[in-house]
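Student: Can you keep this structure in mind? I'll have questions shortly.
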Amino acid sequence: MKILVINCGSSSLKYQLFDMDNEEVLGKGIVERIGIDGSRIKHEVDGEKFVQDIVADNHTQAIEKVFEVITDEENGLVSSLDEITAIGHRVLHGGEELTESTLIDDHVKEVIKEYVKFGPLHNPANLMGIEACEKIAPGKPNVAVFDTAFHQSMPAMNYIYGIPYEYYEKYRIRKFGFHGTSHKYITKRTAELLEKPEDEINIITVHLGNGSSLSAVKNGKCFDTTMGLTPLEGLMMGTRSGDLDPTVLTFLMEEEGFTPAEMNSILNKKSGALGVSQMSSDFRDLEDAAEEGNERAKLTLDMFSQRVRKYIGAYMAELGHVDAICFSGGIGENSLIMRADIVSGLEELGIEIDAERNNTRKEALISSDNSRIKVFVVPTNEELMIARDTLELTK
Ligand code: AMP
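End of the sequence shown = 502 in this note's numbering, gap-free, step of one.
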């Protein structure tokens with residue numbers, strides 16, 4: 108059975124086609140600059156890449172092109188769309204109503220629309236992708252897999268904010284959490300690595316990339332997570348501020364005359380590692396600059412590790428017993444320096460990594476034999492998780 112996975116952003120669209128008989132990726136690609144001059148599709152099959160300039164004024168045209176490319180006689184992946192059983196869509200926000208992956212119908216689309224209020228960049232794009240597929244491939248089942256779903260098991264004490272309760276009742280203002288598909292994948296994989304049933308493991312999943320979040324996973328279910336109503340809360344990230352005293356906002360809005368939209372843009376796009384370092388949001392650049400003695404780059408990296416370390420400590424306290432800490436995401440999988448820095452000084456808490464084992468960018472146990480808590484690198488695979496849920500709901 109073949110499953111197509113689509114991840115629609117506001118101006119780009121990533122796709123992967125899986126053969127679910129062996130969970131193999133048959134091909135993948137990206138349409139860039141949708142609705143902007145210079146749209147193009149990059150398609151990859153068997154390590155060979157093809158780039159083509161295209162017309163993609165909207166998501167429907169972009170998806171039409173994807174279908175054309177994957178059914179192309181020469182470099183395509185299937186001979187006709189009939190070979191594809193279903194399409195899985197990554198959707199940012201499913202709110203409180205959509206707590207697990209689901210087949211898409213009118214009600215599901217209504218909920219995705221309702222939560223545009225908390226996912227103004229992603230939910231509209233996700234919906235455009237879904238509607239384009241419905242139009243171009245009528246009758247083909249579409250499944251939505253939500254970034255928020257895995258976190259719906261959090262207890263109210265962890266998701267209710269300390270503001271008047273009426274705002275939760277009126278607007279559903281609460282912690283939702285994101286990267287759920289990644290945290291869920293890491294949890295499933297770690298249960299296999301620990302050779303324990305999923306509902307018997309307590310772990311801390313540490314997804315560090317351009318966007319970063321940690322989850323405290325208790326008996327295989329999310330108990331707490333760092334992102335909130337939107338993906339802005341929690342860790343300081345590539346360009347997002349993370350946790351702040353809310354007075355910072357009201358002060359800046361009054362003093363600088365920023366509108367809510369301008370303030371949002373500063374906190375989401377100009378803050379975090381980029382804002383502090385004033386040079387880059389990319390951790391490779393920051394690591395290189397710190398190595399060359401750039402003090403601000405060093406401060407940025409220290410701030411980042413300190414915040415991750417602080418949440419690891421907080422989640423150890425929340426979970427009581429912890430079996431493993433799992434690093435994932437672009438930084439978590441690739442930066443040996445950041446991993447070593449984050450867990451340094453935690454030996455008294457039973458966490459110690461082995462320098463030689465840490466010298467890896469693949470799935471691996473990186474803690475020392477003395478470490479009470481195991482530390483793993485678990486490369487995430489959100490697309491596979493989406494394909495698995497899509498298969499499950501449509502087979
Ligand atoms: P993601 O959003 O998961 O793709 O992660 C992107 C982040 O991972 C960027 O900040 C990259 O700089 C970082 N990253 C990727 N490879 C490395 C590496 N080898 N060393 C340090 N950071 C890396």
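C-beta: ideal position from N, C-alpha, C; glycine also. For clarity, every value in this text was computed on a predicted model and none was experimentally measured.
1) With distances taken between CB atoms, is the gap from Y292 to T487 smaller than 8 Å?
2) Is G287 helix, strand or coil by DSSP?
3) Output the boundary residues of the alpha helix (DSSP H) element that contains S474.
4) Label K502 either buried or exposed according to how many other C-beta atoms from any shown protein chain fall within 10 Å of its C-beta, with 16 as the threshold for buried.
5) Pick helix, strand or coil for A169, following the three-state DSSP scheme.
6) Ordered along the chain, which non-local residues of its own chain (more than five positions away) have a Cβ less than 8 Å from that of F174?
7) Is I310 near D430, with beta carbons less than 8 Å apart?
8) If you run the structure through DSSP and keep just helix, strand and coil, what is D409?
9) In three-state terms, what does DSSP make of L120?
10) Could you give the first and the last residue of the continuous alpha helix (DSSP H) run that contains K216?
11) With a Cβ-Cβ cutoff of 8 Å, do L111 and I194 count as a contact?
12) Is G382 near the ligand AMP - that is, is its Cβ less than 7 Å away from at least one heavy atom of it?
13) What span of residues does the alpha helix (DSSP H) with G202 cover, start to end?
14) Got a list of residues with beta-carbon closer than 5 Å to any non-hydrogen atom of the ligand AMP, in chain order?
15) Could you tell me which whole beta strand (DSSP E) segments of length 3 or greater appear in the stretch 277 to 338?
16) Using a 10 Å radius around the Cβ and a threshold of 16 neighbouring Cβ atoms, would you call Q123 buried or exposed?
17) Around the Cβ of D395, are there at least 16 other Cβ atoms within 10 angstroms (buried) or fewer (exposed)?
18) Let me know the secondary structure DSSP gives E155 once reduced to three states.
19) In whole angstroms, what is the alpha-carbon distance linking D389 and V485?
20) Determine the contact status of R281 and Y268, defining contact as a CB-CB distance below 8 Å.
21) What are the boundary residues of the beta strand (DSSP E) that includes I191?
22) Considering Cα atoms alone, identify which of S119, M445, G154, R464 is closest to T167.
23) For T206 and N114, what's the separation of their Cα atoms in angstroms?
24) In three-state terms, what does DSSP make of L210?
25) By DSSP's criteria, N488 is part of a beta bridge. Which residues make up the other side?
26) By how many angstroms is the C-alpha of E489 removed from the C-alpha of K149?
27) How about F225 and L336: are their beta carbons less than 8 Å apart?
Tutor: In this structure, then:
1) In the sequence shown, residue 292 corresponds to position 185, counting from 1. In the sequence shown, residue 487 corresponds to position 380, counting from 1. Yes.
2) In the sequence shown, the residue the question calls residue 287 occupies position 180. Secondary structure of G287 (DSSP, three-state): helix.
3) Residue 474 sits at position 367 when you count from the first residue of the sequence shown. Neither: S474 is in no alpha helix (DSSP H) and is coded neither H nor E.
4) On the sequence shown, position 395 is the one that residue 502 refers to. K502 comes out exposed.
5) What you label residue 169 is simply residue 62 of the sequence shown in a count that begins at 1. Of the three classes helix, strand and coil, the one that applies to A169 here is helix, per DSSP.
6) Counting from one through the sequence shown, the residue named residue 174 turns up at place 67. L188, I243, A244.
7) One-based indexing of the sequence shown puts residue 310 at position 203. One-based indexing of the sequence shown puts residue 430 at position 323. Pairing I310 with D430 gives a Cβ-Cβ distance under 8 Å.
8) Locating residue 409 in the sequence shown gives position 302, where the first residue counts as 1. In this structure, D409 counts as helix in the three-state DSSP scheme.
9) As a position in the sequence shown, residue 120 is number 13, starting the count at 1. If DSSP states are grouped into helix, strand and coil, L120 belongs with the strands.
10) Taking the sequence shown and counting its residues from 1, the one referred to as residue 216 is at position 109. Element bounds for K216: 213 to 221.
11) The count along the sequence shown starts at 1 and reaches residue 111 at position 4. The count along the sequence shown starts at 1 and reaches residue 194 at position 87. Yes, Cβ-Cβ distance for L111 and I194 is below 8 Å.
12) As a first step, residue 382 must be located in the sequence shown, where it is residue number 275. Every heavy atom of the ligand AMP is 7 Å or more from the Cβ of G382, so no.
13) Here residue 202 corresponds to residue number 95 of the sequence shown, with the count starting at 1. Premise fails: G202 is in no alpha helix (DSSP H) and is neither H nor E.
14) G316, N317, D389, F390, R391, G436, G437, I438, N441, S442
15) For the stretch 277 to 338, the continuous beta strand (DSSP E) assignments of 3+ residues that do not extend past its boundaries occur at 310 to 315, 319 to 325, 328 to 332, in sequence order.
16) For the purposes of this step, residue 123 is taken as the residue at position 16 of the sequence shown. Buried is the call here.
17) Position 288 of the sequence shown, counted from the first residue, corresponds to residue 395. Looking at its Cβ environment, which holds fewer than 16 other Cβ atoms inside 10 Å, D395 is exposed.
18) Within the sequence shown, numbered from 1, the residue matching residue 155 stands at position 48. The DSSP-derived three-state label of E155 is strand.
19) The residue you call residue 389 lines up with position 282 of the sequence shown. The residue you call residue 485 lines up with position 378 of the sequence shown. The alpha-carbon atoms of D389 and V485 are separated by roughly 21 Å.
20) Taking the sequence shown and counting its residues from 1, the one referred to as residue 281 is at position 174. Taking the sequence shown and counting its residues from 1, the one referred to as residue 268 is at position 161. The Cβ-Cβ distance between R281 and Y268 falls below 8 Å.
21) Sequence index remark: in the sequence shown, residue 191 carries index 84 (1-based). Note, I191: beta strand (DSSP E), 191 to 198.
22) Translated into positions along the sequence shown, residue 167 becomes position 60. Nearest of S119, M445, G154, R464 to T167, Cα basis: S119.
23) Position 99 of the sequence shown, counted from the start, is the residue given in the question as residue 206. Position 7 of the sequence shown, counted from the start, is the residue given in the question as residue 114. The alpha-carbon atoms of T206 and N114 are separated by roughly 19 Å.
24) Position 103 of the sequence shown, counting from 1, holds the residue named residue 210. In this structure, L210 counts as strand in the three-state DSSP scheme.
25) What you label residue 488 is simply residue 381 of the sequence shown in a count that begins at 1. In the DSSP output, where bridge partners are listed per residue, N488 has none listed.
26) For this step, residue 149 is matched to residue 42 along the sequence shown. For this step, residue 489 is matched to residue 382 along the sequence shown. Looking at the two C-alpha atoms, the distance is approximately 20 Å.
27) Residue 225 sits at position 118 when you count from the first residue of the sequence shown. Residue 336 sits at position 229 when you count from the first residue of the sequence shown. Closer than 8 Å, so yes.
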